[in-house]
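Peer 1: Just dropping this structure here.
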Amino acid sequence: MAQRARRWRNTAAAVTAAGMITAGAVAPGAAAAEEPRIDLKVLVVDNGDSPVRAVTAQLKSTGVPYTTVDLNDADRPKITESFLSDTVNGRPRAKYQGVVLPNESPFGAGSAEQTALETYERTYGIPQVDAYTWAHPEVGLDYTSEGGWAGTLDGREASVTAAGKAGWFGYLDGAFQFEDNSASIQESYGYVARPRAGFTSYVDIPVPGGTGRGSLVGEYAHDGRRELVVTFAYNGSQQQFRLLARGIVEWLTQGVHLGRTRNSFAVHIDDVFAPDSRWDTERDCTPGDFDCAGGDGEGTTPIRMTADDAAYAAQWQREHGFTMDMVYNAGSGEAWKTEHGGTDALTDRLLADKAQYRWVNHTYTHPFLGCVQDTSTVPWSCAKNADGSTKYMSRAEIAAQIRDNHDWAVNKGLPVDRTELVTGEHSGLKTLPQQPADNPNLAGALADTGVKWIASDNSREPEQRAIGNALTVPRHPMNVYYNVGTAAEMADEYNWVYTSRADGGSGVCEDNPTSTCLDEPLDLTTGYAEHIVPQEARTALGHVLAGDPRPHYAHQSNLAEERLLYPVMEKVLDDYRALFADNTPLETPRHSAVGTEVQRRAAWQTALANGRVTAYRVGNTVTVTAPSGTQVPVTAPEGTKKQLLLGTGTFGTAYAGARSAWTTPEALQSALTLKLP
11 MAQRARRWRN
21 TAAAVTAAGM
31 ITAGAVAPGA
41 AAAEEPRIDL
51 KVLVVDNGDS
61 PVRAVTAQLK
71 STGVPYTTVD
81 LNDADRPKIT
91 ESFLSDTVNG
101 RPRAKYQGVV
111 LPNESPFGAG
121 SAEQTALETY
131 ERTYGIPQVD
141 AYTWAHPEVG
151 LDYTSEGGWA
161 GTLDGREASV
171 TAAGKAGWFG
181 YLDGAFQFED
191 NSASIQESYG
201 YVARPRAGFT
211 SYVDIPVPGG
221 TGRGSLVGEY
231 AHDGRRELVV
241 TFAYNGSQQQ
251 FRLLARGIVE
261 WLTQGVHLGR
271 TRNSFAVHID
281 DVFAPDSRWD
291 TERDCTPGDF
301 DCAGGDGEGT
311 TPIRMTADDA
321 AYAAQWQREH
331 GFTMDMVYNA
341 GSGEAWKTEH
351 GGTDALTDRL
361 LADKAQYRWV
371 NHTYTHPFLG
381 CVQDTSTVPW
391 SCAKNADGST
401 KYMSRAEIAA
411 QIRDNHDWAV
421 NKGLPVDRTE
431 LVTGEHSGLK
441 TLPQQPADNP
451 NLAGALADTG
461 VKWIASDNSR
471 EPEQRAIGNA
481 LTVPRHPMNV
491 YYNVGTAAEM
501 ADEYNWVYTS
511 RADGGSGVCE
521 DNPTSTCLDE
531 PLDLTTGYAE
541 HIVPQEARTA
551 LGHVLAGDPR
561 PHYAHQSNLA
571 EERLLYPVME
581 KVLDDYRALF
591 ADNTPLETPR
601 HSAVGTEVQR
611 RAAWQTALAN
621 GRVTAYRVGN
631 TVTVTAPSGT
641 QVPVTAPEGT
651 KKQLLLGTGT
661 FGTAYAGARS
671 AWTTPEALQS
681 ALTLKLP
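To convert, take the position in the sequence shown, counting from 1, and add 10; that gives this note's numbering.
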């Protein structure tokens, strides 16, 4: 990557010295040899199509600043020389380090705007991404009629070429398949074509019905410019795009940009030590729940891990190189122990293996920490005080639940972090529709017990927010239910939720506009393995590939009996490792680290939105200024050094063939300075 960075710099310098800078960009004479300033920002020309929107979303999630020109806005700025470049203190400045276009010539070949853009790219060595175009000689490809092909790519296998692996797509292992989620829907159309002179293919497939291979993604170098040419349609959620998105951004920025992204998959196991209620396949509800007729829990067998389940969990982690977060209820475990003769083999086994897990406080006995629930009606409501105000659990009671659970862990030698908390059912936080506001006693209790990171449900509250001095950590619920221990139970409840009334289901899927009913009920024997596991694994892997750091959560019941969660986790891990090279490992950050990452990303986006970040490159020096105290995300090539007060130090940590970090200027420095190789 160092060679790529150096070649990019020298290209820009060479064209500048050759006098190719346009009139007005640089003064004649000696100034013409001065290396230009390249601002670390991307120009996006948006026509409203999904490929441009997908690339834009990747820029934003990575943390790369960009400016959008909306082609559908009659009042948009025109692309001119002055819009693209100027001078700063006599030095020529390129305002954008890369350009994203909907196709190779959105303004029209030979138009004033297209000419200004192409001249700019040629002058400063600025790369251009053609988000989606067809195969033709103007983008360095033969027509598909000349030994190529055009059609639906669903289910077809593509490969990263040797050039792609040696370059910007080297974080991928090689082959991957285009998604094919529905036989009745065309999901991705593309043009497979043979490269011409000047074209280097990065991703290709065998020509369907023909011979040889044809490009789907490649670089076309011509006329002093470079274009990344993508010849298949996509949207931001499709796996094939998600796999290539990192490489597109790295190519566009030549590996030097603001922003960073890592792929992570953390799994929280809630209710550890506690039993979970069991789904009743006859009554289609869970005894013990308020809305289950006669559901007082009598006669039901709760679901709870055994010592064998715990031993299997530890072994599974070792075999798969993965660490789960055990979100524990010590008081519930102590109650179980008392009710079962004063012994508990499960707790003994988990404590013996305590160092093999991470542990997160889930309150002592898992009570509802919000309003006091009035269960005399279905659905329940918040109980009222005599004056009509809502009756809430007190600050002292909440604090006791947190403190007692933490103290138990400390006494048992568990490696627990006092600042982390997951409340039962995410209670204490607002719960719509019954409790539209947080328990007003929650923030004080968190402060009393030193909690800084409290879990929330990402399906209800995807954005991080403050609870007093604490911040929420949104978690993705996994669609493996807490109240099932067998595949048949899981499929039965899944059918109840996702089939129509006519098919014997609840009809919830019919009433909810965001849901879709199954065509027919799942087979109780095979439905879990054949339908639910691949679907849930695909959803979780989608979060991973999107660079989403938010953890997923399931329950201890899913590690018990038929151990339903393992097939889902194994598929996520196996699929990921088959897709990515060893230099791009799957990270598993703990609860507090996820909260910190989400917090930093939000602060960074705010700084960008407020125009308070300045970043540019001159030759091999990158300079960044941001509001004091702001953590700055930066990605740069291997060999990059950070300027210290005296000398330099190694920058960042290695990931996906680059180095990246959240960083700040050193003490007494007003700006962050990096020296590229």
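Ideal Cβ placement from N, Cα and C applies to all residues, glycine included. All figures in this text were calculated on a predicted structure; none of them were measured in a lab.
With a threshold of 7 Å on Cβ separation, who are the neighbours of D140 within its own chain once the five nearest residues in sequence on each side are excluded?
Peer 2: Excluding residues within five positions, the ones whose Cβ falls inside 7 Å are L111, N113, E114, V149, E237, L238, V239 and V240.
Peer 1: Here's a check: name, in chain order, each residue in its chain whose Cβ is nearer than 7 Å to the Cβ of P38, leaving out the five neighbours to either side.
Peer 2: With a pLDDT of 37 at P38, under the threshold of 50, the predicted position of this residue should be treated as unreliable, and no value is reported.
Peer 1: When the Cα of G228 is compared with those of T210, P216, Y244 and R235, which residue comes out closest?
Peer 2: The candidate whose alpha carbon is nearest that of G228 is T210.
Peer 1: Name the two residues that bound the continuous beta strand (DSSP E) containing E329.
Peer 2: Element bounds for E329: not the beta strand (DSSP E) but the alpha helix (DSSP H), A317 to H330.
Peer 1: Taking N479 as the reference, give the member of P472, T429, L532 and L442 with the closest Cα.
Peer 2: Of the candidates P472, T429, L532 and L442, the one whose C-alpha sits nearest the C-alpha of N479 is T429.
Peer 1: Does the stretch 364-372 come close enough to the stretch 336-348 to have 3 or more Cβ pairs within less than 8 Å?
Peer 2: With a cut-off of 8 Å, the stretch 336-348 and the stretch 364-372 count as touching, because enough Cβ pairs lie within range.
Peer 1: Is G165 close to chain B? Criterion is C-beta to C-beta, closer than 9 Å.
Peer 2: The structure shown has no chain B; it contains just one protein chain.
Peer 1: Please find out if some non-hydrogen atom of the ligand MN comes closer than 8 Å to the beta-carbon of V337.
Peer 2: Although the ligand MN was asked about, the structure shown includes no ligands whatsoever.
Peer 1: Look up F694 in the DSSP assignment and give the residues it is bridged to.
Peer 2: A question about residue 694 goes unanswered here, because the residues of the chain that appear run from 11 up to 687.
Peer 1: Three-state secondary structure (DSSP) at V604?
Peer 2: Three-state DSSP puts V604 in a helix.
Peer 1: Less than 9 Å between the C-beta atoms of N493 and T624, yes or no?
Peer 2: It is not a contact, given that the beta carbons lie outside the stated cut-off.
Peer 1: Expressed to the nearest angstrom, what Euclidean distance is found between the alpha-carbon atoms of S516 and A284?
Peer 2: Distance between the alpha carbons of S516 and A284: 29 Å.
Peer 1: With DSSP as the reference, label C519 as helix, strand or coil.
Peer 2: In the structure shown, C519 sits in a helix (DSSP, three-state: H, G or I).
Peer 1: Can you name the start and end residues of the alpha helix (DSSP H) that V543 belongs to?
Peer 2: From DSSP, the alpha helix (DSSP H) with V543 extends over V543 to L555.
Peer 1: Can you find the residues in the same chain that come closer than 8 Å, C-beta to C-beta, to V213, ignoring five residues on each side of it along the sequence?
Peer 2: So the qualifying residues of the chain are A168, S169, V170, T171, G174, F179, S225, L226, V227, G228 and L254.
Peer 1: Less than 9 Å between the beta carbons of T5 and R627, yes or no?
Peer 2: Coverage of the chain is limited to positions 11 through 687, which leaves residue 5 absent and any answer about it impossible.
Peer 1: Quick one: grab the DSSP three-state call for K364.
Peer 2: K364 falls in the helix class under three-state DSSP.
Peer 1: Considering only residues of the stretch 450-486, which uninterrupted alpha helix (DSSP H) runs meet the minimum length of 4 residues and lie entirely inside it, listed in chain order?
Peer 2: Taking only runs of at least 4 residues, the alpha helix (DSSP H) segments lying wholly in the stretch 450-486 are 452-459.
Peer 1: Would DSSP call Q138 helix, strand or coil?
Peer 2: Note: Q138 maps to strand in three-state DSSP.
Peer 1: Please list, in chain order, all residues of the same chain as R223 whose beta carbon is under 6 Å from its beta carbon, the five residues on each side excluded.
Peer 2: The answer, listed in chain order, is D214 and P216.
Peer 1: Whole-angstrom Cβ separation of I542 and Y586, contact assumed at under 8 Å?
Peer 2: Contact doesn't hold; Cβ gap of about 19 Å is too wide.
Peer 1: Would L360 pass as a contact of V282 if the rule is Cβ separation under 9 Å?
Peer 2: Yes, the pair counts as a contact, with Cβ atoms nearer than the cut-off.
Peer 1: Using a 10 Å radius around the Cβ and a threshold of 16 neighbouring Cβ atoms, would you call E349 buried or exposed?
Peer 2: E349 should be labelled exposed.
Peer 1: What do you get for P446, buried or exposed, if any count of 16 or more other CB atoms within 10 angstroms of its CB means buried?
Peer 2: By the 10 Å Cβ count, P446 comes out exposed.
Peer 1: Taking 8 Å as the threshold, find out whether the stretch 393-405 comes into contact with the stretch 344-358 through three or more Cβ pairs.
Peer 2: Segments in contact, no.
Peer 1: Unbroken alpha helix (DSSP H) runs of length 4 or more, entirely within the stretch 209-234: which are they?
Peer 2: Counting only runs of 4 or more, we get nothing.
Peer 1: Can you tell me whether DSSP reads M500 as helix, strand or coil?
Peer 2: Helix at M500.
Peer 1: W390 lies in the beta strand (DSSP E); which residues open and close that run?
Peer 2: No beta strand (DSSP E) holds W390; DSSP gives it neither H nor E.
Peer 1: For the stretch 562-576 against the stretch 268-278, are there 3 or more C-beta pairs whose distance is under 8 Å?
Peer 2: Segments in contact, yes.
Peer 1: Quick check on this structure: which residue in R204, P443, A396 and Q411 has the alpha carbon closest to the alpha carbon of V388?
Peer 2: Considering only alpha carbons, the answer is P443.
Peer 1: By Cβ distance below 6 Å, which residues in the same chain neighbour E156 in space, the five residues on each side in sequence not counted?
Peer 2: Correct list: empty, nothing qualifies.
Peer 1: Write down the C-beta distance between A497 and A539 rounded to the nearest angstrom, noting that I regard them as a contact closer than 8 Å.
Peer 2: 7 Å between Cβ atoms; contact.
Peer 1: Could you tell me the distance, in whole angstroms, from the CA atom of A185 to the CA atom of D592?
Peer 2: Between A185 and D592, the C-alpha separation is close to 15 Å.
Peer 1: What are the uninterrupted segments assigned as beta strand (DSSP E) that are 3 or more residues long and contained completely in the stretch 640-667, given in chain order?
Peer 2: For the stretch 640-667, whole beta strand (DSSP E) runs of length 3 or above, ordered along the chain, are 642-646, 651-653, 658-660 and 663-665.
Peer 1: Output yes or no for whether 9 Å exceeds the beta carbon distance between V52 and V109.
Peer 2: Cβ atoms of V52 and V109: closer than 9 Å.
Peer 1: Just how far apart, CA to CA, sit D183 and L589?
Peer 2: For D183 and L589, the distance between alpha carbons rounds to 5 Å.
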